[in-house]
Structures are given as C-alpha cells and as structure tokens.
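Here's the structure, in structure tokens; my notes come after.
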Amino acid sequence: MNLLLLQTAEVSCKPLVVNGRRAAHVHRVLKAQPGDRIKLGVVRQSIGSAQVVSSSDEQLVLEDVQLEPAGEPPMLRLVIALPRPKALRRLLQTVASFQVAHIDIVNAWRVQKSYWDSPSVQPEALETELLLGCEQGRHVWLPTVSCHRLFMPFITSFSDGPAAGPRLVAHPGSSKWLRDVDTSGSATIAIGPEGGWIAKELETLEQYNFQSVSISKAILRTEIALAAILAQWELLAP
1 MNLLLLQTAE VSCKPLVVNG RRAAHVHRVL KAQPGDRIKL GVVRQSIGSA
51 QVVSSSDEQL VLEDVQLEPA GEPPMLRLVI ALPRPKALRR LLQTVASFQV
101 AHIDIVNAWR VQKSYWDSPS VQPEALETEL LLGCEQGRHV WLPTVSCHRL
151 FMPFITSFSD GPAAGPRLVA HPGSSKWLRD VDTSGSATIA IGPEGGWIAK
201 ELETLEQYNF QSVSISKAIL RTEIALAAIL AQWELLAP
C-alpha cells in the first residue's frame with residue numbers, strides 16, 4: 001500500500017480513525033510511528049498527507065490532514081471480456097494501478113457462463129480489488145465499473161453520440177500499432193478473453209469503429225496484455 005486511500009465520509013471525521021486491513025498495513029509494513037507523516041488520498045478528489053497520532057494492528061489515528069486537488073482525472077475507458085474469477089481479481093488490481101476512468105466487463109463467445117455467477121463480479125468484490133490497485137499505484141482515481149452480460153446490446157450502445165476519442169481493439173497480428181494512435185485525449189480500448197475475440201465479434205467491433213491494433217509480436221495473456229497496453233499508453237501520452 002503506497003497510499004492510504006480514504007472515502008469522503010472517513011476524512012471528514014475528527015480525529016481521523018482508520019481500522020482493519022489498512023491500519024494493520026500502516027503499522028506492520030510501513031511501521032509508522034507517532035509523529036510520522038504518511039501519504040493519503042480521498043477517492044476521486046484529493047491527495048496529500050497526515051501525521052500519525054497512534055498506530056496499532058487494530059487502529060490508526062491521524063491528525064493535521066493536508067490535502068490538495070488530485071488534478072485532471074483520467075480519460076481512458078477499457079472494455080474487458082470477463083476472465084476466470086481468480087484472473088479477474090489480479091486483472092482489476094493491475095488496471096487500477098494505472099489511471100483508468102472506467103471499466104466495462106463484457107461477455108464474449110469464449111467466456112464461460114459460470115464466470116458470471118462468481119462472487120468476484122459482485123460490486124463490493126470489484127471495488128475491493130480496484131481499491132487495492134489504486135493503493136499500489138499511489139493515486140486516487142478509482143475506476144467506475146459496469147458489467148454487461150450481453151455482448152450485442154453493449155456494443156450497439158456505441159452508436160449513440162459521437163466517438164469520445166479513438167476506439168481500439170487489441171488483437172495480435174494487426175498491422176497498426178498502438179504507437180500509431182493519438183494518445184492525447186480520451187479513448188476506448190477493448191481486450192478479449194483468453195483465446196481472443198472470435199471473428200464475428202471482431203467484425204462487430206469494426207462496425208462500431210473499433211480499429212485493431214497490436215501491442216507486441218507475442219501473444220499475451222489478458223492481464224499481461226492489459227499491463228503492456230496501459231504502460232505503453234502512459235509512455236506515449238504527451
């Protein structure tokens with residue numbers, strides 16, 4: 001945990017008291033002592049620091065909270081075919097370590113129906129993994145997330161209104177590379193399941209102005225591909 005991430009209601013309390021997992025991490029791993037200052041942030045709002053009053057495995061008490069606006073929010077939207085439940089947890093933490101505005105988790109031909117019945121796709125479980133990722137990435141931009149059990153109704157929603165930046169679908173062997181894309185503003189990037197999108201899905205994505213792009217000569221697992229895409233996007237951004 002590189003940033004103690006708080007909800008708005010928590011930071012408004014005086015003194016500021018944090019319990020549970022986060023308190024134990026600050027005490028055991030960060031080894032914070034009274035008088036130390038630690039980095040903290042408020043979800044989607046501000047970032048700064050606070051002084052430790054007391055620290056234990058059960059409770060962390062802070063004072064002298066100093067915060068400033070977190071700056072411009074991210075504009076990148078990801079469309080991710082639902083992976084296996086264990087992979088989903090790792091994937092969400094990886095994505096949230098970077099700065100992403102929104103995640104759409106969608107169905108695809110190669111997604112097993114049973115994945116949708118997993119507790120890992122419940123809103124509380126999704127938010128838990130995303131918070132862990134933001135803590136790791138040391139930023140406050142917790143992504144919003146939506147789940148879509150039907151592929152076609154979701155994709156056809158892209159016909160409503162003008163495109164908000166380029167629409168891309170990561171697909172091995174594409175002649176166009178991510179470096180050839182305008183990375184100066186918002187964009188939507190779609191990532192398929194293990195085994196990739198089927199031809200019909202790719203055709204449908206293309207109908208709604210998704211351009212295929214390559215990120216590597218290698219064929220990568222979904223979570224590795226996402227990390228590569230997000231790292232390249234950050235590197236290429238002006």
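FYI, in this note's numbering the residues of the sequence shown are 1 to 238.
Beta carbons: idealized from backbone N, C-alpha and C, even for Gly.
Note that the structure is predicted; figures quoted are calculated from it, not measured.
The alpha helix (DSSP H) with H27 in it runs from where to where? R21 to R28
For T8, count neighbouring Cβ atoms within 10 angstroms of its own Cβ and tell me buried if that reaches 16, exposed if not. exposed
Under three-state DSSP, which class holds V100? coil
In whole angstroms, what is the alpha-carbon distance linking L236 and L132? 26 angstroms
If you reduce the DSSP assignment to three classes, tell me which class C147 lands in. strand
Taking buried to mean at least 16 other C-beta atoms within 10 Å of its own C-beta, is T156 buried or exposed? exposed
Cα-Cα separation between K113 and M152, rounded to whole angstroms: 16 angstroms
If I follow the unbroken beta strand (DSSP E) through A50, where does it start and stop? S46 to S55
What ranges does the beta strand (DSSP E) occupy inside the stretch 171 to 197, keeping only unbroken runs of at least 3 residues that lie completely in it? 187 to 191
I'd like to know whether the C-beta atoms of D104 and H148 end up nearer to each other than 8 angstroms. yes
Taking all protein chains shown into account, do 16 or more other C-beta atoms lie within 10 angstroms of the C-beta of G137, making it buried, or fewer, making it exposed? buried
For I229, I'd like the list of residues in its chain whose CB is within less than 8 angstroms of its CB, leaving aside the five on either flank, ordered along the chain. A170, L178, I189, I191 and I215
DSSP beta-bridge partners for R90? None; R90 has no bridge partner.
Rounded to whole angstroms, what's the CA-CA distance from F210 to P74? Just pull it up for me. 20 angstroms
Look at the Cβ atom of P15, then the Cβ atom of V61, and state whether they are nearer than 8 angstroms. yes
Alpha carbon to alpha carbon, what distance is there between V100 and L5? 16 angstroms
If you pair each beta-carbon of the stretch 51 to 58 with each one of the stretch 69 to 83, do three or more pairs fall below 8 angstroms? no
With a 10 Å radius around its C-beta and 16 neighbouring C-beta atoms as the bar for buried, classify T94 as buried or exposed. buried
Nearest neighbour of R22, chosen from M1, D180, K39 and G41 [CA to CA]: M1
What is the DSSP secondary structure of V213, counted as helix, strand or coil? strand
For L126 and V145, believed in contact at Cβ under 8 angstroms, the rounded distance: 5 angstroms
For I80, count neighbouring C-beta atoms within 10 Å of its own C-beta (all shown protein chains included) and say buried if the count is 16 or more, exposed if not. buried
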